[in-house]
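Note sheet for the following structure.
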Amino acid sequence: MLYRVILSLGSNYNEQQNMAFAVEQLKKLFLSIRFSESYYTEPVGSSYSIGNYLNQVAIAYTDCSADELKPLFKEIEKAAGRSPQLKAEGKIPLDVDLVKWSDWVIKPADLQQDYVLRGLFDLQEEP
3 MLYRVILSLG
13 SNYNEQQNMA
23 FAVEQLKKLF
33 LSIRFSESYY
43 TEPVGSSYSI
53 GNYLNQVAIA
63 YTDCSADELK
73 PLFKEIEKAA
83 GRSPQLKAEG
93 KIPLDVDLVK
103 WSDWVIKPAD
113 LQQDYVLRGL
123 FDLQEEP
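Anchor point for the sequence shown: position 14 equals 16 in this note's numbering, and the numbering is continuous, going up by one each time.
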């Protein structure tokens, strides 16, 4: 069985390079995936950010469970250079969030954020 997932991608540090890396890695991971346009947004709920974020939304289909996907996303983030030290400086090389898996909304607050809704609109998808 294939499950539809919604992913939110973000970067505020070497953002063009890191987002391209994320797209490349995620295309290898999923059977089918589509990406919204990328766009810059102001940080949400983060007072320590070094600047605006480059965001993108992806819709993918997979036979993996949510629990199987989450550690894979952490590996991609780490490969892009994410570390506790950079986070403490407000630098986020890459953030890959599983917002929704099948009918399970994992991050309800994220699903209501303008940057996610904008990406879903670009993809002509419903939250």
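Built from N, CA and C at the ideal position, the CB exists for glycine as well. Small disclaimer: the values here were computed from a predicted structure and weren't measured.
L113 and S104 have their C-alpha atoms some 14 Å from each other.
If only uninterrupted alpha helix (DSSP H) runs of at least 4 residues are considered, those enclosed by the segment 36–101 are 68–81, 86–90.
Nearest to Y63 by C-alpha distance, out of F32, S85, Q87, is F32. In the three-state DSSP reduction, Y5 falls in the strand class (E or B).
Apart from sequence neighbours up to five positions away, the residues of its chain that approach L71 with a beta-carbon distance below 6 Å are L100, ordered along the chain. Around the C-beta of I52, fewer than 16 other C-beta atoms lie within 10 Å, and the residue is accordingly described as exposed. Residue pairing of V107 in beta bridges, as defined by DSSP: K102. By DSSP's assignment, L11 forms a beta bridge with Q58, V98. In its chain, beyond the 5 residues on either side, P95 have a beta carbon closer than 6 Å to the beta carbon of G83.
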